[in-house]
Amino acid sequence: MEYNAMELMICVAARNLEDGATVVVGTGAPCAAAMLAQKLYSPNLCIMFEAGGVAPILPTMPISVGDSRTFHKAIMASSMPEVMETCQRGMVDYTFLGGAQIDMYGNINSTMIGDDYEKPKVRFPGSGGANDLASLCWRTMMMTVQDARRFTDKLDFITSPGYLQGGRSRYEAGLPEGTGPYRIITNMAVMGFDEETKWMTVLSINPGYSRKDVQDNCGFELKWAKKIEDTKPPTDEELRILREEVDPHRYIIGR
Amino acid sequence: MEYNAMELMICVAARNLEDGATVVVGTGAPCAAAMLAQKLYSPNLCIMFEAGGVAPILPTMPISVGDSRTFHKAIMASSMPEVMETCQRGMVDYTFLGGAQIDMYGNINSTMIGDDYEKPKVRFPGSGGANDLASLCWRTMMMTVQDARRFTDKLDFITSPGYLQGGRSRYEAGLPEGTGPYRIITNMAVMGFDEETKWMTVLSINPGYSRKDVQDNCGFELKWAKKIEDTKPPTDEELRILREEVDPHRYIIGR
Amino acid sequence: MAMSVHDSDMKETMVSGKNELFTDPDPDHARAFFRNKSRSMKAKLSNVKDVVRDMIKDGDYIAIGGFGANRIPTAIIHEIVRQRKKHLGFAGHTSTHDFQVLVAGDCIDRCDVAYIIGLEARGLSPNARRAVESGKIKLTEWTNASLSWRLKAAAMGISFIPTRNILGTDTFAQSAAKVITCPFTGKKYAAMPALFPDFAAIHVHEADIYGNCRVYGASVSDFDLAKASKRVVITAERIIPHDEIRREPEKTVIPFWCVDAVIEVPYGSYPGNMPYEYFSDEEHLKTWLRVEKDPKELEKFLQEQIYGVDNFYDYLNLNGGIEKMKKLRAIEYLINNK
Amino acid sequence: MAMSVHDSDMKETMVSGKNELFTDPDPDHARAFFRNKSRSMKAKLSNVKDVVRDMIKDGDYIAIGGFGANRIPTAIIHEIVRQRKKHLGFAGHTSTHDFQVLVAGDCIDRCDVAYIIGLEARGLSPNARRAVESGKIKLTEWTNASLSWRLKAAAMGISFIPTRNILGTDTFAQSAAKVITCPFTGKKYAAMPALFPDFAAIHVHEADIYGNCRVYGASVSDFDLAKASKRVVITAERIIPHDEIRREPEKTVIPFWCVDAVIEVPYGSYPGNMPYEYFSDEEHLKTWLRVEKDPKELEKFLQEQIYGVDNFYDYLNLNGGIEKMKKLRAIEYLINNK
Numbered sequence: 244m245e246y247n248a249m250e251l252m253i254c255v256a257a258r259n260l261e262d263g264a265t266v267v268v269g270t271g272a273p274c275a276a277a278m279l280a281q282k283l284y285s286p287n288l289c290i291m292f293e294a295g296g297v298a299p300i301l302p303t304m305p306i307s308v309g310d311s312r313t314f315h316k317a318i319m320a321s322s323m324p325e326v327m328e329t330c331q332r333g334m335v336d337y338t339f340l341g342g343a344q345i346d347m348y349g350n351i352n353s354t355m356i357g358d359d360y361e362k363p364k365v366r367f368p369g370s371g372g373a374n375d376l377a378s379l380c381w382r383t384m385m386m387t388v389q390d391a392r393r394f395t396d397k398l399d400f401i402t403s404p405g406y407l408q409g410g411r412s413r414y415e416a417g418l419p420e421g422t423g424p425y426r427i428i429t430n431m432a433v434m435g436f437d438e439e440t441k442w443m444t445v446l447s448i449n450p451g452y453s454r455k456d457v458q459d460n461c462g463f464e465l466k467w468a469k470k471i472e473d474t475k476p477p478t479d480e481e482l483r484i485l486r487e488e489v490d491p492h493r494y495i496i497g498r
Numbered sequence: 244m245e246y247n248a249m250e251l252m253i254c255v256a257a258r259n260l261e262d263g264a265t266v267v268v269g270t271g272a273p274c275a276a277a278m279l280a281q282k283l284y285s286p287n288l289c290i291m292f293e294a295g296g297v298a299p300i301l302p303t304m305p306i307s308v309g310d311s312r313t314f315h316k317a318i319m320a321s322s323m324p325e326v327m328e329t330c331q332r333g334m335v336d337y338t339f340l341g342g343a344q345i346d347m348y349g350n351i352n353s354t355m356i357g358d359d360y361e362k363p364k365v366r367f368p369g370s371g372g373a374n375d376l377a378s379l380c381w382r383t384m385m386m387t388v389q390d391a392r393r394f395t396d397k398l399d400f401i402t403s404p405g406y407l408q409g410g411r412s413r414y415e416a417g418l419p420e421g422t423g424p425y426r427i428i429t430n431m432a433v434m435g436f437d438e439e440t441k442w443m444t445v446l447s448i449n450p451g452y453s454r455k456d457v458q459d460n461c462g463f464e465l466k467w468a469k470k471i472e473d474t475k476p477p478t479d480e481e482l483r484i485l486r487e488e489v490d491p492h493r494y495i496i497g498r
Numbered sequence: 003m004a005m006s007v008h009d010s011d012m013k014e015t016m017v018s019g020k021n022e023l024f025t026d027p028d029p030d031h032a033r034a035f036f037r038n039k040s041r042s043m044k045a046k047l048s049n050v051k052d053v054v055r056d057m058i059k060d061g062d063y064i065a066i067g068g069f070g071a072n073r074i075p076t077a078i079i080h081e082i083v084r085q086r087k088k089h090l091g092f093a094g095h096t097s098t099h100d101f102q103v104l105v106a107g108d109c110i111d112r113c114d115v116a117y118i119i120g121l122e123a124r125g126l127s128p129n130a131r132r133a134v135e136s137g138k139i140k141l142t143e144w145t146n147a148s149l150s151w152r153l154k155a156a157a158m159g160i161s162f163i164p165t166r167n168i169l170g171t172d173t174f175a176q177s178a179a180k181v182i183t184c185p186f187t188g189k190k191y192a193a194m195p196a197l198f199p200d201f202a203a204i205h206v207h208e209a210d211i212y213g214n215c216r217v218y219g220a221s222v223s224d225f226d227l228a229k230a231s232k233r234v235v236i237t238a239e240r241i242i243p244h245d246e247i248r249r250e251p252e253k254t255v256i257p258f259w260c261v262d263a264v265i266e267v268p269y270g271s272y273p274g275n276m277p278y279e280y281f282s283d284e285e286h287l288k289t290w291l292r293v294e295k296d297p298k299e300l301e302k303f304l305q306e307q308i309y310g311v312d313n314f315y316d317y318l319n320l321n322g323g324i325e326k327m328k329k330l331r332a333i334e335y336l337i338n339n340k
Numbered sequence: 003m004a005m006s007v008h009d010s011d012m013k014e015t016m017v018s019g020k021n022e023l024f025t026d027p028d029p030d031h032a033r034a035f036f037r038n039k040s041r042s043m044k045a046k047l048s049n050v051k052d053v054v055r056d057m058i059k060d061g062d063y064i065a066i067g068g069f070g071a072n073r074i075p076t077a078i079i080h081e082i083v084r085q086r087k088k089h090l091g092f093a094g095h096t097s098t099h100d101f102q103v104l105v106a107g108d109c110i111d112r113c114d115v116a117y118i119i120g121l122e123a124r125g126l127s128p129n130a131r132r133a134v135e136s137g138k139i140k141l142t143e144w145t146n147a148s149l150s151w152r153l154k155a156a157a158m159g160i161s162f163i164p165t166r167n168i169l170g171t172d173t174f175a176q177s178a179a180k181v182i183t184c185p186f187t188g189k190k191y192a193a194m195p196a197l198f199p200d201f202a203a204i205h206v207h208e209a210d211i212y213g214n215c216r217v218y219g220a221s222v223s224d225f226d227l228a229k230a231s232k233r234v235v236i237t238a239e240r241i242i243p244h245d246e247i248r249r250e251p252e253k254t255v256i257p258f259w260c261v262d263a264v265i266e267v268p269y270g271s272y273p274g275n276m277p278y279e280y281f282s283d284e285e286h287l288k289t290w291l292r293v294e295k296d297p298k299e300l301e302k303f304l305q306e307q308i309y310g311v312d313n314f315y316d317y318l319n320l321n322g323g324i325e326k327m328k329k330l331r332a333i334e335y336l337i338n339n340k
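Residue numbers (the numbering used here), protein chains in the order written: chain A, 244 to 498; chain B, 244 to 498; chain C, 3 to 340; chain D, 3 to 340.
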């Protein structure tokens with residue numbers, strides 16, 4: 244079956260969410276990935292929302308991470324401190340972030356563009372819960388379209404921590420041991436991070452793209468895994484569930 | 244009407260609890276005093292229990308500060324942190340403590356007798372919530388039989404803080420500004436504390452006792468207010484409500 | 003010797019966010035206020051106009067309950083705009099429509115930011131963005147959990163709470179947090195300063211006349227907000243009998259002594275979502291985003307929807323009234339009634 | 003120069019309680035454990051014997067839910083005695099009957115004390131008193147709020163929380179707390195180290211087979227205890243359908259991922275009080291206090307009531323069984339049925 248970049252990214256993301264794991268998601272693609280995983284491979288994936296909804300039976304895609312859908316037939320309608328403290332305690336495996344810029348250590352900017360904080364060229368909403376989730380969940384993932392301005396070696400603002408300056412700098416700053424960016428899923432490739440240096444490292448290339456495409460659309464030098472896989476394209480079943488059950492109105496996959 | 248020392252102390256304590264105030268009480272005499280106040284003068288006295296019960300309609304005297312009675316038809320059945328944090332935030336006016344020893348600064352021992360913590364001569368239950376309430380509520384009161392061993396200038400153990408070493412030492416230790424012991428109500432007298440030195444000061448003497456009785460039954464030198472009042476004995480109405488409605492089985496006042 | 007001095011100098015160099023702390027975290031100052039706050043269980047029914055007139059003054063620091071456009075006290079937010087309150091400080095704790103409205107009314111001049119300007123999946127507010135990019139609103143940067151924990155510290159009556167987020171980022175650098183070291187483990191923490199707002203408005207499902215409240219669905223940070231704030235107004239979908247509160251004391255999530263005024267405002271979260279009651283009015287929220295593109299159109303819209311009407315129900319009627327609410331209730335209940 | 007060194011030395015002198023901190027407050031060590039704790043929503047029904055055998059080993063640090071003799075998991079407490087678990091650490095957080103039973107079974111050798119030995123208005127336990135006065139149980143001194151906040155720090159995933167109690171007292175001196183200074187206000191606080199118990203048993207009103215729990219009445223510190231503890235067993239008056247949990251998600255106070263095992267134990271808080279279910283058996287609790295006066299009589303009593311019976315229901319039957327429970331229910335409901 245044909246598919247678009249968003250569908251590919253959601254399907255690839257979903258494959259990373261194993262059964263019995265916990266994940267805090269926002270609205271949009273991350274929520275779609277979690278719903279897809281739950282319907283296909285991981286019936287016991289526990290989906291949480293930062294405003295307090297825990298393990299809902301999602302009837303439709305939420306518009307807000309605090310709307311009624313996020314605790315529809317949930318096992319708990321709790322609070323923001325409850326969810327954030329569950330993350331801080333080490334009970335949450337995954338989260339997804341978005342952002343305007345990302346660097347080679349997986350640091351993310353969702354606050355502003357420009358060089359003067361007081362007079363930004365462009366102001367975005369800010370962290371919301373992104374910094375918290377990136378700080379406290381075990382593994383952070385990101386789905387994003389890849390281009391050389393977005394993937395940059397010089398963020399205008401580090402909103403949410405990746406591996407900061409690489410190596411052990413993240414943990415030396417006081418962030419919890421063992422946490423950090425895990426997968427960056429783009430329209431072109433899937434990246435992880437080098438175990439030692441924490442530098443972004445390509446793991447697999449998506450159908451239709453080359454090494455050159457991936458590097459040309461990145462503002463910093465990428466590292467390459469010893470063996471670069473081909474990203475498996477969405478299966479028919481993935482696409483069918485995604486289109487028919489997860490996002491029938493194409494709110495996300497129609498973008 | 245005739246009355247005993249316990250009845251007197253409860254009636255005097257109750258008069259200190261004005262309408263619209265908040266008070267955390269334990270079982271026994273303090274609870275009786277709060278109930279009496281509520282029935283006689285202070286219908287809007289808000290009674291709280293440290294396990295979480297708030298403003299119950301007490302059907303009988305509780306046996307435990309966490310039993311069902313403490314949140315019978317209450318306005319909230321909350322938690323220990325909820326109640327303690329309400330105290331720490333400065334929303335609780337009064338509390339009552341008991342103890343085996345008290346000194347001239349209102350410090351109280353309910354932990355042990357002896358000079359070796361590891362091998363006490365007598366071990367008591369310890370603070371429970373007493374230290375917390377004495378630290379965090381605005382005004383601490385105590386009802387106790389007075390004798391020279393109990394009122395001592397050398398506590399074996401400071402379980403709960405009074406004014407510590409007097410003067411501003413309580414606040415210099417970090418305890419909240421403006422808090423501290425307020426009234427010590429004994430079978431013989433009612434004491435407050437000097438504003439500057441924080442030394443225990445007799446305010447009124449109970450019917451049937453003399454200055455000499457009060458001083459002879461105290462192990463340290465008491466200060467005396469400029470004008471020493473006569474403690475008003477229990478009124479007939481106080482005694483009637485106390486005996487008929489508050490403690491009809493004489494659990495407390497029969498002691 | 004010089005070495006040792008240097009070492010201890012190093013240790014004492016506190017790493018600090020560089021922006022302004024808009025509120026006083028001193029718990030003894032807060033206690034002095036709370037000592038005199040009434041804890042009498044008296045009837046507190048009031049109305050929107052009086053509450054906004056008497057309980058908020060220009061320059062106050064305010065906070066709004068709920069999350070985004072969910073369970074928000076719209077009547078109070080509109081009245082703040084209508085009474086043209088100015089120079090307010092604001093706790094921007096995933097605030098979406100509330101922030102948008104207050105910025106449209108030019109009420110805010112400083113803001114603790116976790117999430118502003120955006121309306122989540124709906125897009126960004128052009129007017130709020132213009133206002134923030136112009137620099138006329140002074141910002142200090144935080145995160146959702148940071149603001150939650152700052153309110154929790156205040157609710158607990160302490161001046162700070164140690165947390166493991168924001169460390170190492172520009173979010174920290176542009177905050178007013180500090181780095182501290184755990185005395186037991188030597189680990190680094192962010193110290194989050196307590197946030198005691200001057201005023202908070204919270205919309206709940208049910209309250210009695212004394213202010214004992216029940217909330218259904220996610221509670222966000224509202225229970226801590228009610229405790230942390232010096233003055234609190236509750237708007238409620240329904241006033242319920244006091245006896246009902248006493249029948250199930252487990253359900254009380256905000257106790258009466260936190261609350262200064264109670265107002266019954268059915269449909270009070272419109273155009274936001276009220277869990278188990280009605281869904282958000284997405285069309286109306288889109289209209290806001292559309293008219294904001296042109297400042298003149300926004301001014302006309304504000305005149306029509308807020309300044310030019312007497313109260314929240316006039317506004318609700320302008321936008322479909324009870325018929326609209328029936329539709330939004332059907333959406334909330336997942337009833338297909340096209 | 004010397005002066006300056008001296009100054010900074012002074013500042014760095016941390017004032018510390020002098021007793022042992024029995025548990026590790028390191029949040030990264032706790033996280034490493036929690037990372038591997040199952041969060042799969044699977045059926046967790048078990049039985050008392052297996053749970054105590056498999057989830058507690060000699061030397062563990064344990065905590066018991068409820069308060070005093072209210073809402074206590076008696077079946078688990080008895081089984082710990084019956085299986086003769088030894089050298090346990092214990093969180094003595096207004097623990098009354100639970101402490102009394104575990105000390106009678108000689109299970110505890112160290113204890114964080116807030117309140118022990120006493121049974122509130124009922125008097126003091128002679129045996130627990132003898133045990134503590136003999137010095138064979140190592141103590142560190144705390145308070146009820148301190149232990150609550152130590153559990154809250156653990157539940158929050160941080161290694162300490164600043165508080166304003168215990169300062170300046172011998173309770174502090176005999177604790178393992180430290181004095182710290184607020185980086186914003188310069189005020190002194192007690193730093194309470196996080197308490198992560200190895201094991202906790204909590205009795206609740208209702209749970210589903212996955213461990214989602216409901217509690218009615220005062221919750222004491224149990225919600226934080228469930229989160230702070232590495233292994234948690236829930237005993238429940240009633241197992242309820244999972245769908246019922248999803249029907250009112252506001253009522254869930256302990257989520258499934260905190261829970262390792264669920265056991266249905268009707269009357270499970272006997273001889274303690276279970277709010278809205280049955281009152282405490284004051285006669286039986288008096289018997290405990292009486293037989294404890296004589297160690298031999300206590301030994302006989304323990305043989306008869308705990309060691310010599312197979313399980314909690316044999317014990318309950320020894321003491322009146324369902325007929326007794328009907329009487330205690332009448333007392334709870336304030337029904338005069340003499």
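Note that beta-carbon positions come from the ideal geometry of N, C-alpha and C, so glycine has one too. No experiment lies behind these values; they were computed from the predicted model shown.
Within 8 Å, strictly: CB atoms of GLY19 of chain C and PHE174 of chain C: yes
In chain D, what lies closer than 7 Å to ALA280 of chain B by C-beta? Here the premise fails: no neighbours, minimum Cβ distance about 20 Å.
For VAL134 of chain D, which of helix, strand or coil comes out of DSSP? Note: VAL134 of chain D maps to helix in three-state DSSP.
Would PRO195 of chain C count as contacting chain D if we go by Cβ distances under 8 Å? yes
When Cβ atoms are compared, which residues of the region 305-324 of chain A fall closer than 7 Å to chain D? PHE314, LYS316, ALA317, ILE318, MET319 and ALA320
Residue-chain proximity (ALA416 of chain B, chain D), Cβ-Cβ < 8 Å: yes
Roughly how many angstroms lie between the CA atoms of TYR117 of chain D and GLY94 of chain D, to the nearest whole one? Taking the straight line from one Cα to the other gives about 6 Å.
Mind listing the chain C neighbours of PRO419 of chain B? Cutoff is C-beta to C-beta under 9 Å, in chain order. PRO29, ASP30, ARG33 and GLY159
CB-CB under 6 Å to ASN460 of chain B, same chain, minus the five flanking residues each way: which ones, in chain order? GLN389, ASP390 and ALA391
Please identify, using Cβ separations under 8 Å, the residues of the region 298-310 of chain D that lie next to chain C, in order along the chain. none
TRP467 of chain A - containing beta strand (DSSP E), residue span: 466-473
Nearest-angstrom Cα separation, counted from ALA416 of chain B out to GLU14 of chain D: Only weak support exists for where GLU14 of chain D lies, its pLDDT of 45 falling under 50; the coordinates are left without a value.
ASN129 of chain C, DSSP secondary structure in three states: helix
Which residue's Cα is closest to the Cα of ASP262 of chain C: C:ARG41, C:PRO297, C:PHE35 and C:VAL206? C:ARG41
Assign ARG426 of chain B to buried or exposed, taking buried as 16 or more other Cβ atoms, counted over all protein chains shown, within 10 Å of its Cβ. buried
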